[in-house]
Amino acid sequence: MANVQAALEMINTADLSSTEHLLLRNLVNSAVYPEDTARLITSTIETSNCSVETSLREVKRQWRKLASRLMASDKIPQALQDLAFERDGRDFTMRRGPSHVPGSKIEPAFIVPPSMIHDLESVEQGALLRLLRAFLSDEHVNYLKKLLTLEPQDTATRLRNIVLLPPSIHAAFRAGHVDIRTRNDLDGGPPPGCVDETLLKCRYAMRTQYPEEVSGLFLGDGTPFRRGLVHFDLSTADPERLPLPSSLLIDVHFRFAAALHLFYIEDKAARGWSSASLSLSLPSFVRRSLTWLWLTLPECLRVACYLLLNRIGRKLYPLDASVWAQRLPFGLYMKQCIRAPQNEPNVLRLIERQTSIPAPRLIDTWERDGTTYILMTRIPGDPIEDVQHLLSYSERREIADDIARYVAQLRQIPNNTPYLICDSLGGPIVDHRIPSGTGGPWHTEAEFYEHLTSHYGPMAKVAELKKLGIREHEHFYFTHSDLHPSNLLVERGRLTGIVDWESAGFRPEYWEFTKAMYGAVCGGGPVMDSIFWRAFGRKYERELEVERQLWYITPFGS
1107 MANVQAALEM INTADLSSTE HLLLRNLVNS AVYPEDTARL ITSTIETSNC SVETSLREVK
1167 RQWRKLASRL MASDKIPQAL QDLAFERDGR DFTMRRGPSH VPGSKIEPAF IVPPSMIHDL
1227 ESVEQGALLR LLRAFLSDEH VNYLKKLLTL EPQDTATRLR NIVLLPPSIH AAFRAGHVDI
1287 RTRNDLDGGP PPGCVDETLL KCRYAMRTQY PEEVSGLFLG DGTPFRRGLV HFDLSTADPE
1347 RLPLPSSLLI DVHFRFAAAL HLFYIEDKAA RGWSSASLSL SLPSFVRRSL TWLWLTLPEC
1407 LRVACYLLLN RIGRKLYPLD ASVWAQRLPF GLYMKQCIRA PQNEPNVLRL IERQTSIPAP
1467 RLIDTWERDG TTYILMTRIP GDPIEDVQHL LSYSERREIA DDIARYVAQL RQIPNNTPYL
1527 ICDSLGGPIV DHRIPSGTGG PWHTEAEFYE HLTSHYGPMA KVAELKKLGI REHEHFYFTH
1587 SDLHPSNLLV ERGRLTGIVD WESAGFRPEY WEFTKAMYGA VCGGGPVMDS IFWRAFGRKY
1647 ERELEVERQL WYITPFGS
């Protein structure tokens, strides 16, 4: 694995864009034998008179040209189409149940277009063929060429390169936005060999590529494909005449799909950010004056207006609706405060009065049918979890520095309650990380720790059992307590706001960092890790190690 480590080191230390790093790492890690691909990359760099970056970009250019060959829409002979429909049925849906529905819309598709290997020996003096052999291995390429250059009369073997797909999924499959894998692959089995098994039945899984999961996909029966993963079964009554799709060809497409999707993302990033959204922004004194005048009206009249705006908002912004919140016209948001009905409104007031943090501005609160609602301004931008892959390294650094600056401002908010750990009003805290999602308030850090592991055992016993290096802390600060990537909004590469303040309150000084890393596990990955490490530094590494061990024994605080 020496070549692999050397190649990855060259890639990681080169002055490239974040997407270029992803693409080149994918080239190495997705290969059948990463050592072979790594050897080709290091050899290209070492024998070139150009810089490392220029050499790597040349490899990337060849990689794009090779991968793009899988996007070709080769014409499928009618005889093969008829056999595919005979094998899988014209009412096939691409779902396990019901697997067949009258009127399903499906069409035959090549798994790997035969034109992919045409003239590879002569293109760029054979450079693409050498790259393909390094990526798939000589053995796999030889078998691939055999499968893709069969005589027309060998319809049974050629049928192994055909799968029935709904039109929208066919287009996404050709572009690499979705891939298909066999159940054996998903279960961690060995990659398929160069001799396809004769199977009567096989289970497959189709999934969308991440990030930038493609939308507008429909299964054969018209069901929207929204879950990101769907399983389906294929079977044949005559494996000699109507064989199932080749596992090797499916594996080849799978290995190229991520690259095609990443090239799509690279092109999108190269086009730059879209224009900033239009938002109604008034000077703070004007907004406060208008809010004061509005609040002089009877509450029943105000609430009637809010409910009308809510109905309009559901029609105008159906994608910006959830069980608890709804985007409204005029740059507003309405939210149900289920878990912290008093805390979140108070926090928004504190943030506006004592910081310059871009957060929603509270306009009104009211109670209806026992539920507290708040009306607040809307912050422009997209959740960073949806656009993190488009951020340049400099934009990531700026966002991290903004987070650090806003956290510093939060830490200046004084604790005027009689408790050490509590919400902004001195009441219980709400937090996904703690048992039952709520607890406290507490006078001491030790009491907080006891609650943290209360459903597992006393903290002292847990610390001894898990060899946790628990240490006491001197500082307890006001924190947001949920800097999850869904709560950090970004527009045109800049942090535009922080939302969802229901968990805010006073916590041990490390909590903001470890809780942010907790959220990054399921909503951010390496990009958010790097942003939070820069924002908070290495001061709380020990606490993070302890927390990570606790996460495994107290998942979701339950």
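At the far end of the sequence shown sits residue 1664, using our numbering, and the numbering has no gaps. Using N, Cα and C, we set each Cβ at its ideal position, and we do this for glycine too. Please read all numbers here as calculations on a predicted model, not as lab measurements.
- According to DSSP, residue pairing for Trp1548 in a beta bridge involves Ile1527.
- Burial check for Met1440: the Cβ neighbour count within 10 Å reaches 16 or more, so the residue is buried.
- In this structure, DSSP gives Cys1411 a helical state, which the three-state scheme calls helix.
- Taking the Cα of Ile1444 as reference, the smallest distance to any Cα among His1586, Thr1478 and Leu1516 is reached at Thr1478.
- DSSP, reduced to helix, strand and coil, places Thr1150 within a helical segment of the structure shown.
- Closest by C-alpha distance to Trp1472, out of Leu1516, Pro1273, Pro1404 and Ser1609, is Pro1404.
- The alpha carbon of Asn1416 has as its nearest neighbour, out of Arg1433, Cys1406, Ser1428 and Thr1402, the alpha carbon of Arg1433.
- Nearest neighbour of Arg1613 by Cα position, chosen from His1579, Thr1602, Val1633 and Gly1599, turns out to be His1579.
- If you draw a straight line from the Cα of Arg1502 to the Cα of Phe1638, it is about 10 Å long.
- Around the beta carbon of Phe1391, fewer than 16 other beta carbons lie within 10 angstroms, which makes this residue exposed.
- Per DSSP, reduced to three states, the secondary structure at Gln1518 is coil, with no helix or strand assignment.
- Shown here for Gln1494: same chain residues with a beta carbon closer than 6 Å to its own, the five before and five after excluded, namely Val1633 in chain order.
- In the DSSP annotation of this structure, the continuous segment of the alpha helix (DSSP H) that includes Tyr1370 starts and ends at Ser1353 to Ala1376.
- Counting along the chain, Val1158 sits inside the alpha helix (DSSP H) bounded by residues Val1158 to Ser1174.
- Taken through DSSP and simplified to helix, strand or coil, Met1200 comes out as coil.
- Within a 10 Å sphere around the beta-carbon of Leu1399 sit fewer than 16 other beta-carbons, which makes this residue exposed.
- Taking a contact as a CB-CB distance under 8 Å, the pair Ala1281 and Leu1226 does not count as one, their CB atoms being some 21 Å apart.
- Take the alpha-carbon of Val1138 and the one of His1246: they are about 9 Å apart.
- In the three-state DSSP reduction, Ile1275 falls in the helix class (H, G or I).
- Secondary structure note for Phe1638: it is in no beta strand (DSSP E), and the uninterrupted alpha helix (DSSP H) holding it is Pro1632 to Phe1642.
- Counting C-beta pairs with one atom in each stretch, the segment 1285 to 1295 and the segment 1356 to 1365 have three or more that are closer than 8 Å, which means they touch.
- Sequence-distant partners of Tyr1646 (beyond 5 residues in either direction) whose C-beta falls short of 7 Å from its own C-beta, in its chain, are Tyr1616, Phe1619 and Thr1620.
- Note: Lys1307 is bridge-paired with Ser1341 in the DSSP secondary-structure output.
- If the five residues before and after Leu1234 are omitted, its C-beta is found closer than 7 Å to the C-beta atoms of Gln1168, Lys1171, Leu1172 and Leu1226, all from its own chain and listed in chain order.
- When secondary structure is reduced to three states using DSSP, Lys1181 falls in the coil class, being assigned neither helix nor strand.
- A distance below 7 Å between beta-carbons, with the five flanking residues on each side excluded, links Asn1118 to the following residues of its chain, in chain order: His1127.
- Residue nearest to Leu1350 within the set Thr1602, Val1269, Ala1382 and Glu1372 is Val1269 (criterion: CA-CA distance).
- In the three-state scheme derived from DSSP, where H, G and I count as helix and E and B as strand, Pro1220 is classed as helix.
- Between the segment 1447 to 1458 and the segment 1599 to 1607, the count of Cβ pairs shorter than 8 Å is three or higher; the stretches touch.
- Setting aside the 5 residues that flank it on each side, Thr1143 is surrounded in the same chain by Leu1133, Val1134, Ala1137, Ala1240 and Phe1241, each with a C-beta closer than 7 Å to its C-beta; the list follows chain order.
- Per DSSP, the continuous alpha helix (DSSP H) segment holding Ala1262 begins and ends at Thr1261 to Arg1264.
- Going by C-alpha positions, Ala1113 is about 10 Å away from Pro1140.
- By the Cβ criterion, the segment 1178 to 1187 is in contact with the segment 1261 to 1276, since at least three pairs of Cβ atoms, one from each stretch, lie closer than 8 Å.
- Taken atom to atom, the span from the alpha-carbon of Cys1406 to that of Arg1309 is near 58 Å.
- By the Cβ test, the segment 1503 to 1520 is not in contact with the segment 1646 to 1655, since fewer than three Cβ pairs between them sit closer than 8 Å.
- Here Val1392 is not bridged, per DSSP, to any residue.
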